[in-house]
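Under the working numbering, think of the first position of the sequence shown as 46, with each following residue one higher. Where is the CB? At the ideal position from N, CA and C, for every residue including glycine. What follows is one structure encoded as structure tokens, with my remarks underneath.
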Amino acid sequence: IDQYGPQDATTNPTLILNATKNPRYDYLINSAIEYAKGKVSSNEKAIELAADKLLVNFGFEILKIIPGRISVEIDAKLSFDTEGTITKARHLIDLFEEIGVDKSRVMIKIASTWEGIQAAKILEKEGIQCNMTLLFSFIQFGYKTIVMGASFRNTEQIEELAGCDFLTISPNLLTQLQCSHKKIERKLSPNTAHNCLEQKITYNEKTFKWNLNEDPMATEKLTEGIRSFAQDGRTLMLMLKQRLNKEDTMITEKISEDIVLDDKTSKPFKLFGRLTEFMVV
């Protein structure tokens, strides 16, 4: 990101999971775990909060480099849950604002299901910017928006969308474009779009889902993307759980070292910052 200096940047569960495998980012993981442990007592809730905080931590570091916005993706498990998506989006914005990042610099990335689109409509009215992902069909489209091409597999695909509002391009493809001497012609423009004969389409929930079902490619790629992101999200949560449990074990071992076994009195100690009574028996 620092090398190419993009305007905005985006994340997803797969990118975050891959980043956590690099030891240089351990401090972001440890910070997220410590934050969660200080806020909730339940391990399950701590893991979920640590996952949210980790997204925010990575986003915060990226915002130090770029002048624009960071896209942070909603948990894929909420792809068919409008209320859950709205609640999670508000929570992520709160976490950013807690560390001094205004919501104008954050975009909430949501899968383009019917439920996701409804959530985005509500969030946008609240001033929370949304980035609709996994959009593969005109059935999922139809709003005044910025169009952003993504998930490119080669530079030829990028060249065919030259002129699109925004493009999300991976570093390896940026390198290929930078090394190429090929002249890129603009293929898309507002003028050609206005001259398009396609009529704007409007759907209710039933017709949206039926017409999406009639588009095999869009249906398969949407559900495939949701499953993939959900799996990477679960793997990320498992990693956080293992780290959290490892720290718990280390704390327990340290406490055991300090206990005198023939002392039957109650001994207070601090666990996760809270005073707790431990009775030797």
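Quick one: measure Cβ to Cβ for residue i and residue j, integer angstroms, because I've assumed they're closer than 8 Å.
i	j	result
Ala-96	Ala-275	Incorrect: roughly 13 Å between the Cβ atoms, too far for contact.
Ile-107	Ile-131	So it is not a contact: roughly 24 Å between Cβ atoms.
Leu-99	Leu-73	6 Å
Lys-291	Ile-92	The pair is not a contact, with the Cβ atoms about 13 Å apart (cut-off 8 Å).
Ala-263	Phe-181	4 Å
Leu-212	Gly-194	5 Å
Relative to the C-alpha of residue i, which candidate in the options has its C-alpha closest?
i	options	result
Ile-61	Met-284, Lys-291, Asn-290 and Arg-288	Met-284
Lys-251	Gly-172, Thr-237, Glu-265 and Glu-160	Glu-160
Asn-63	Lys-291, Lys-286, Asp-277 and Glu-118	Asp-277
Phe-125	Lys-291, Leu-267 and Met-282	Leu-267
Glu-243	Ile-203, Tyr-70, Phe-183 and Lys-170	Phe-183
Cys-175	Ser-149, Pro-112, Glu-204 and Phe-253	Ser-149
Glu-201	Leu-179, Glu-143 and Lys-228	Lys-228
Gly-270	Met-177, Pro-112, Asp-147 and Gly-172	Met-177
Asp-147	Leu-257, Phe-105 and Leu-222	Phe-105
Glu-230	Ile-110, Thr-247, Phe-253 and Leu-206	Leu-206
For the beta strand (DSSP E) that residue i lies in, which residues bound it at each end?
i	result
Cys-224	Counting along the chain, Cys-224 falls outside any beta strand (DSSP E), though it belongs to the alpha helix (DSSP H) covering 216-224.
Ser-116	115-118
Ala-156	151-156
Asn-176	174-178
Short check: CB of residue i to CB of residue j, under 9 Å?
i	j	result
Gly-208	Lys-232	yes
Arg-288	Ile-78	yes
Leu-140	Val-85	no
Arg-114	Ala-54	yes
Ile-153	Ser-196	no
Ile-155	Ala-134	yes
Gln-48	Pro-216	yes
Phe-103	Tyr-70	yes
Ile-203	Ile-214	yes
Glu-143	Pro-58	no
Gln-185	Leu-257	yes
Under a three-way DSSP split, which group does residue i fall into?
i	result
Leu-242	coil
Thr-297	Because Thr-297 sits at a pLDDT of 47, beneath the cut-off of 50, its placement in the model cannot be relied upon, and the following sentence gives the value as read from the coordinates. Reduced to three states, the DSSP call for Thr-297 is helix.
Leu-289	helix
Arg-69	helix
Val-326	Residue placement at Val-326 cannot be trusted, given a pLDDT of 34 that sits under 50; what the coordinates show is reported in the next sentence. Three-state DSSP puts Val-326 in coil, outside helix and strand.
Ala-81	helix
Leu-233	coil
Phe-274	helix
Phe-186	coil
Phe-181	coil
Phe-35	Residue 35 lies beyond the residue range present for the chain, which begins at 46 and ends at 326; the question has no answer from this structure.
Ile-61	helix
Ile-46	coil
The alpha helix (DSSP H) that contains residue i, what's its start and end?
i	result
Pro-51	Here Pro-51 belongs to no alpha helix (DSSP H), and DSSP marks it neither H nor E.
Ala-165	159-170
Phe-141	127-143
Gln-202	200-205
Leu-123	First-last for Leu-123: undefined, no H or E at that position.
Gly-104	88-108
Indicate, with yes or no, if the ligand COA has a heavy atom lying under 8 Å from the CB of residue i.
i	result
Glu-79	Absence of the ligand COA is noted for the structure shown, with no ligands found whatsoever.
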